[in-house]
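Engineer: Structure in structure tokens, see below.
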Amino acid sequence: MGQNGKRLENKVSIITGAASGIGEASAILFAREGAKVVLADVNEEKGNGVANRIQNNGNEALFIKADVSKQDDIKKMVEKTIEKFDVIDVLFNNAGIARLKSLHELDEEEWNQVMDINLKGVYLCSKGVLPYMQRQRKGSIINNSSIAGVVGFPGAAAYCASKGGLGLLTRNMALDYAIDGIRVNDICPGVIKTPMTLDEETMGRKQIEEMEKVHPLGRAGKPEEVAYTALFLASDESSFITGSSIMIDGGYTAK
Ligand SMILES: NC(=O)c1ccc[n+]([C@@H]2O[C@H](COP(=O)([O-])OP(=O)(O)OC[C@H]3O[C@@H](n4cnc5c(N)ncnc54)[C@H](O)[C@@H]3O)[C@@H](O)[C@H]2O)c1
């Protein structure tokens, strides 16, 4: 904890997919806890909106338009972050998409899109920040996986494959970079109420109620409940945790 009692005092934190849902909630929470937040997203309008809200509360934020699946965008994202803040302490690989289809329904383009964003995006962003974390012999990388990366989730073939791969990439990176003092963990949310899932614009009330009931706690999660776990892993409070997965799923995978 910093001198002001903040849990991420002055930690430069890149959050991908920060314009909406879990990323947005995390950007706001990290900033409230003293982080200098870099918000990366393809959605410029919403991303700038979140960054402005953080700045209006007197905290530091920088929005960078970046597609995590594009190497040039990620190179620029890292360069701009270093130019402004000099260091990178935390990377929250959060950007992701869901194409909820079984294998036979997915066309090749959709399969590639899910893999490019959910898995290759984590490779590109992590590779981009690693030299800076290695330079300071410290860093925390948090990958946003899913319950669908741990157990099968019907009708989500590419999504399950991408998130399952992310779980083992996390453990591989934890082992490879422990020597540099870099911790790598993943988080596995259950169904969380965000525009990706339980948005009333894309789903009926009845469907939402059914999805909520799949969790033993009898409800869906809130973006803030995921953000608090990411905050813990980003902070020095979790200094002996690496290569771990934390379930945030209301008991879903305990069954
Ligand atoms: N909502 C859930 O129930 C749930 C459950 C488990 C895991 N997750 C994971 O949490 C993460 C965030 O999901 P969410 O529910 O907040 O979704 P969301 O759709 O609300 O937000 C995702 C954000 O990622 C951005 N994004 C999409 N493609 C991108 C790209 N190529 N480059 C940069 N940004 C991009 C979007 O513009 C959006 O702002 C995802 O990785 C998702 O798989 C979500």
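Just so you know, the sequence shown maps onto residues -17 to 237 in my numbering.
Every residue, glycine too, gets a C-beta built ideally from N, C-alpha and C.
Is any heavy atom of ligand 1 found at a distance shorter than 7 Å from the C-beta of G200?
Structural biologist: Flag unset: Cβ of G200 not near ligand 1.
Engineer: Please find out if some non-hydrogen atom of ligand 1 comes closer than 7 Å to the beta-carbon of N25.
Structural biologist: Yes, Cβ of N25 sits closer than 7 Å to a heavy atom of ligand 1.
Engineer: If you measure from the CB of S2, is any heavy atom of ligand 3 nearer than 7 Å?
Structural biologist: Looking at this structure, you won't find ligand 3 anywhere; what it does contain is ligand 1.
Engineer: Kindly indicate which residue of G(-16), G103 and T211 has the alpha-carbon position closest to the one of A22.
Structural biologist: Comparing Cα positions, the closest option is G103.
Engineer: Taking only the alpha-carbon atoms, compute the straight-line gap between C142 and G131 and give it to the nearest angstrom.
Structural biologist: If I take the Cα positions, the gap works out to 5 Å.
Engineer: If distances are taken between C-alpha atoms only, which option among G225, E42 and K62 comes closest to D158?
Structural biologist: Selected option, being the one with the closest Cα: G225.
Engineer: Do A17 and S(-5) have their C-beta atoms closer together than 8 Å?
Structural biologist: Against a cut-off of 8 Å, the Cβ pair of S(-5) and A17 comes out as a contact.
Engineer: Let me confirm a value: L11 is counted as buried when at least 16 other C-beta atoms fall within 10 Å, else exposed. Which label applies?
Structural biologist: Answer is buried; the Cβ neighbour count reaches 16.
Engineer: Residue range of the alpha helix (DSSP H) that F298 falls in?
Structural biologist: The displayed coordinates of the chain run from -17 to 237. Any statement about residue 298 would go beyond what the structure contains.
Engineer: Have a look at V60 and A7 and give me their C-alpha separation to the nearest angstrom.
Structural biologist: Looking at the two C-alpha atoms, the distance is approximately 22 Å.
Engineer: Based on Cα-Cα distance, which residue from E87, D181 and A77 lies nearest to L106?
Structural biologist: For L106, the nearest C-alpha among the options comes from A77.
Engineer: Which one or two residues does DSSP pair with A1 in a beta bridge?
Structural biologist: Its beta-bridge partners do not exist; DSSP assigns none.
Engineer: Would you kindly work out how many angstroms separate the C-alpha atoms of Y114 and G(-1), rounded to a whole number?
Structural biologist: Straight-line Cα distance between these residues: approximately 21 Å.
Engineer: Give the DSSP bridge partners of C170, in chain order.
Structural biologist: Answer by DSSP bridge pairing, in chain order: M229.
Engineer: Which of the three DSSP states, helix, strand or coil, is assigned to H22?
Structural biologist: Note that residue 22 is Ala in the sequence shown here, rather than His. Three-state DSSP puts A22 in a strand.
Engineer: Going by C-alpha to C-alpha distance, which of I56, V20, E27 and A13 sits closest to G40?
Structural biologist: Out of I56, V20, E27 and A13, A13 has the C-alpha closest to the C-alpha of G40.
Engineer: When we look at the beta-carbon of E191 and count the other beta-carbons within 10 Å, is it buried (16 or more) or exposed?
Structural biologist: E191 should be labelled exposed.
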